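Peer 1: In order, the protein sequences belong to chains A and B. Here the numbering used here is used: the first sequence runs in plain steps of one and ends on residue 1013. Here the numbering used here is used: the second sequence runs in plain steps of one and ends on residue 1013. Glycine included, C-beta positions come from ideal geometry on N, C-alpha and C. Every value quoted in this text rests on a predicted model; they were computed, and no experiment measured them.
Number of protein chains: 2
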Amino acid sequence: MGKALVLLSGGLDSSTCAAMAVKAHGAENVHALTIFYGQKHQTEIEAAKNIAEALGLASHSVVSLPLEPFKGAGSTLIDPDKPNPELTYQQIAESTGPSPTYVPFRNANLLSLATAIALRDGCEEVYYGPHAEDARNFAYPDCTPEFNGAMANAIFVGTYFKVKLITPLQWMMKADVAWTALELGVPIELTHSCYNGKRPACGKCPTCVERIEAFKAIGVKDPLPYEIQIDWGDCR
Amino acid sequence: MGKALVLLSGGLDSSTCAAMAVKAHGAENVHALTIFYGQKHQTEIEAAKNIAEALGLASHSVVSLPLEPFKGAGSTLIDPDKPNPELTYQQIAESTGPSPTYVPFRNANLLSLATAIALRDGCEEVYYGPHAEDARNFAYPDCTPEFNGAMANAIFVGTYFKVKLITPLQWMMKADVAWTALELGVPIELTHSCYNGKRPACGKCPTCVERIEAFKAIGVKDPLPYEIQIDWGDCR
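Written as structure tokens, this is what we have:
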């Protein structure tokens, strides 16, 4: 069984991706990589570490990209003077122009660095977790199947056919991801999604709202604590 | 006329690329970017600065990638304990397995970072100078048209269709590049190619040998000084 590298932010999606890599490769063959690019919510690095430990992964490393290219572009994920929008993913998808949370060409930078590390460490696959709700209506273009496919080609060709890109969530909506996470025993209570880096989570930023809706859709209470009251209805 | 960003290492290829960008966009719209990834021959950063000045480019900046991913892979371009091979590009192309000078997935990392900066700075095109002799027989897979095409797709899609990748040398052999450099008035004497970072150049490493052969093929003496005697025959 070959080795795999998983891009792990500590969120629900990448944690689910990590659990899928474990299922395919065995935990002892899965290495996690967290990349810092200036994101405000550094709580995600702590969450990634906890998830890697809980899943029994072979290793977890943190590498920093140069920050200047990303800092200057005004993404609300990075700029300390810009609050994250209180919009749903649906609203972001329906609005025109780039999402205020889009970080310029971030995902290609994450994937390129991950691939260099995969080659260095002898990993045959890179797992990476964008899903269909990220991609919907081109809200995050670097999460689309078109982008993923192009990067998969670049990665396979550019590494002498040694590394494959695996995007197991790309046709799933967030509710499918939440369901898969439950099925695979992802330690959901340890994940971190909130764009504002809050713990308990804010419950209002795009990713909190999306996550809450996903759990409601599958009839399950999100085990993560929120700082606002969530009406879970008859969720179990 | 829109702005362009050129990946400039200070070598003959990227300098020619820069001159092509100047022809298309005007020097006042062309920004140069040099990326440090741990290469031994830091003389190339100085060369890039000189070329950018000589061509009158709008700006020149230097950004460093994280070095660990590239350092650990044993490329002779980076590892201080490994001398660069005294092979021709032809010999590298004819040998099996990765070239000893291959830096893991380097070019995707360069392009991804350049694209983030292009987006930040409002540049519509990224110029990048791999050529057909780099790509021949898959010696450097991240210089092939297949790789370039995949990255061009990822870049265009992943930036909301704002940035295009331009690879004007990809079907040229090195002699075509040298000819184009002459035609466009590239200050060839300021470029730096030697893998060993020598000035005068070593004349023996793959890129020195390739460069000398290219100038011989077009019947012109390379204006660059070499530390060994070069038989220029009846070159002018």
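Hey, out of B:Gly935, B:Ala801, B:Leu961, B:Cys979, whose CA is closest to Ala885 (chain A)'s CA?
Peer 2: If we check each option's Cα against that of Ala885 (chain A), B:Gly935 comes out closest.
Peer 1: Helix, strand or coil, according to DSSP, for Ile965 (chain B) in the structure here?
Peer 2: Of the three classes helix, strand and coil, the one that applies to Ile965 (chain B) here is helix, per DSSP.
Peer 1: Count the CB pairs spanning the stretch 898–912 of chain A and the stretch 915–925 of chain B that are closer than 8 Å, and state whether there are at least three.
Peer 2: In short, these stretches do not touch, since the Cβ pair count stays below three.
Peer 1: Tell me which residues of the stretch 831–848 of chain A have at least one Cβ-Cβ distance to chain B shorter than 8 Å, keeping chain order.
Peer 2: Here the close residues are Val840, Ser841, Leu842, Pro843, Glu845, Pro846, Phe847.
Peer 1: Using the DSSP secondary-structure output, state which residues sit across from Ser841 (chain B) in a beta bridge.
Peer 2: According to DSSP, which records beta bridges pairwise, Ser841 (chain B) is partnered with B:Phe813.
Peer 1: Between the stretch 966–976 of chain B and the stretch 809–829 of chain B, can you find at least three pairs of beta-carbon atoms closer than 8 Å?
Peer 2: Taking 8 Å as the limit for Cβ pairs, the verdict is that the stretch 966–976 of chain B does touch the stretch 809–829 of chain B.
Peer 1: Can you give the beta carbon distance from Leu789 (chain B) to Ile1007 (chain B), rounded, assuming they're within the 8 Å contact cut?
Peer 2: At roughly 15 Å, the Cβ-Cβ gap does not stay under 8 Å, so Leu789 (chain B) and Ile1007 (chain B) are not in contact.
Peer 1: Give me, in chain order, the residues of the same chain whose beta-carbon lies closer than 7 Å to that of Leu887 (chain B); leave out the 5 immediate sequence neighbours on both sides.
Peer 2: Result list for Leu887 (chain B): Leu784, Ile812, in chain order.
Peer 1: Between which two residues does the beta strand (DSSP E) carrying Ala781 (chain A) extend?
Peer 2: Here the beta strand (DSSP E) through Ala781 (chain A) covers 780–784.
Peer 1: Kindly list the residues whose CB is nearer than 7 Å to the CB of Thr892 (chain B), restricted to its own chain and excluding five residues on each side of it in sequence; keep chain order.
Peer 2: Answer for Thr892 (chain B): Val903, Ile932, Thr936, Val940, listed in chain order.
Peer 1: Could you name the residues of the same chain whose beta carbon sits closer than 8 Å to that of Asp858 (chain B), not counting the 5 residues immediately before and after it, in chain order?
Peer 2: So the list is empty, once near-sequence residues are dropped.
Peer 1: Does Cys853 (chain A) get closer than 9 Å to chain B when you measure Cβ to Cβ?
Peer 2: Checking the displayed sequence, the identity of residue 853 (chain A) turns out to be Thr instead of Cys. Chain B, which has no Cβ nearer than 9 Å to the Cβ of Thr853 (chain A), makes this no.
Peer 1: Could you give the DSSP three-state label for Leu1001 (chain A): helix, strand or coil?
Peer 2: The answer is coil: DSSP assigns Leu1001 (chain A) none of H, G, I, E or B.
Peer 1: Pop quiz: Lys981 (chain A) and Ile1005 (chain A) are said to be a contact at Cβ under 8 Å. What is the actual Cβ separation, rounded to whole angstroms?
Peer 2: The pair is a contact, with the Cβ atoms about 7 Å apart (cut-off 8 Å).
Peer 1: Go through its chain and collect everything with a Cβ distance to Ile855 (chain A)'s Cβ below 7 Å, but skip five positions before and after it.
Peer 2: So the qualifying residues of the chain are Gly815, Gln816, Lys817, Phe847, Lys848, Val880.
Peer 1: Just checking: is the beta-carbon of Asn827 (chain A) within a distance shorter than 9 Å of some beta-carbon in chain B?
Peer 2: No - not a single Cβ of chain B is within 9 Å of the one on Asn827 (chain A).
Peer 1: Under three-state DSSP, which class holds Ser791 (chain B)?
Peer 2: Here Ser791 (chain B) sits in helix by DSSP.
Peer 1: Spatial neighbours of Val954 (chain A) within its chain, please: C-beta separation below 6 Å, excluding the five flanking residues on both sides.
Peer 2: Hits under 6 Å: Asp790, Thr793, His908, Leu946.
Peer 1: Under 6 Å Cβ to Cβ from Leu961 (chain B), same chain only, skipping five residues before and after it: list those, please.
Peer 2: For Leu961 (chain B), where only same-chain residues beyond five positions count, the Cβ hits under 6 Å are Ala796.
Peer 1: Below 7 Å on C-beta distance, what does Asn886 (chain A) contact in chain B?
Peer 2: Neighbours of Asn886 (chain A) on chain B, chain order: Ser889, Leu890, Ala893.
Peer 1: Checking 9 Å against the spacing of the C-beta atoms, do Ala781 (chain B) and Cys900 (chain B) come in under that value?
Peer 2: Yes. Within cutoff.
Peer 1: What in chain A is Cβ-close to Arg897 (chain B), meaning under 7 Å?
Peer 2: Result: Pro846, Gly849, Ala850, Pro881.
Peer 1: Is the separation between the beta-carbon of Cys979 (chain A) and that of Lys993 (chain A) shorter than 9 Å?
Peer 2: No, Cβ-Cβ distance for Cys979 (chain A) and Lys993 (chain A) is not below 9 Å.
Peer 1: Which runs of the beta strand (DSSP E) at least 3 residues long sit entirely within the stretch 879–931 of chain A? Give them in chain order.
Peer 2: Within the stretch 879–931 of chain A, the complete beta strand (DSSP E) runs of at least 3 residues are 900–904.
Peer 1: Do we get a CB-CB distance below 9 Å when we pair Asn930 (chain A) with the residues of chain B?
Peer 2: Chain B contact via Cβ: present.
Peer 1: From Asn925 (chain B) to Ser889 (chain A), what does the alpha carbon distance come to, in whole angstroms?
Peer 2: Taking the straight line joining both Cα atoms gives about 14 Å.
Peer 1: Find the nearest neighbour of Asn861 (chain B) within the set B:Ser876, B:Glu871, B:Tyr1003, judged by alpha-carbon distance.
Peer 2: Residue B:Ser876 is the option with its Cα nearest to Asn861 (chain B).
Peer 1: Going along chain B, which residues have a C-beta under 7 Å from Val934 (chain A)?
Peer 2: The contacting residues are Pro918, Thr921, Glu923, Phe924, Ala927.
Peer 1: What residues of chain A sit near Pro860 (chain B), judged by a beta carbon separation below 9 Å?
Peer 2: Simply none; closest approach about 21 Å.
Peer 1: Based on DSSP bridge pairs, tell me the residues matched to Leu942 (chain A).
Peer 2: According to DSSP, which records beta bridges pairwise, Leu942 (chain A) is partnered with A:Val903.
Peer 1: So which residues of chain A does Pro983 (chain B) contact, with C-beta pairs closer than 7 Å?
Peer 2: Within 7 Å Cβ-Cβ: nothing; Pro983 (chain B) doesn't reach chain A, min ~18 Å.
Peer 1: Could one say the Cβ of Pro875 (chain B) lies closer than 9 Å to chain A's Cβ atoms, at least one of them?
Peer 2: Pro875 (chain B) counts as touching chain A.
Peer 1: Rounded to a whole number of angstroms, what is the C-alpha to C-alpha distance between Ile943 (chain B) and Ala831 (chain A)?
Peer 2: Cα-Cα distance, rounded: 45 Å.
Peer 1: Does Phe719 (chain B) get closer than 9 Å to chain A when you measure Cβ to Cβ?
Peer 2: The shown model of chain B, from 778 to 1013, leaves out residue 719 (chain B), and the question about it has no answer.
Peer 1: Please specify which runs of the alpha helix (DSSP H), each continuous and at least 4 residues long, are wholly inside the stretch 851–882 of chain B, giving them in chain order.
Peer 2: Complete alpha helix (DSSP H) runs here, min 4: 866–871.
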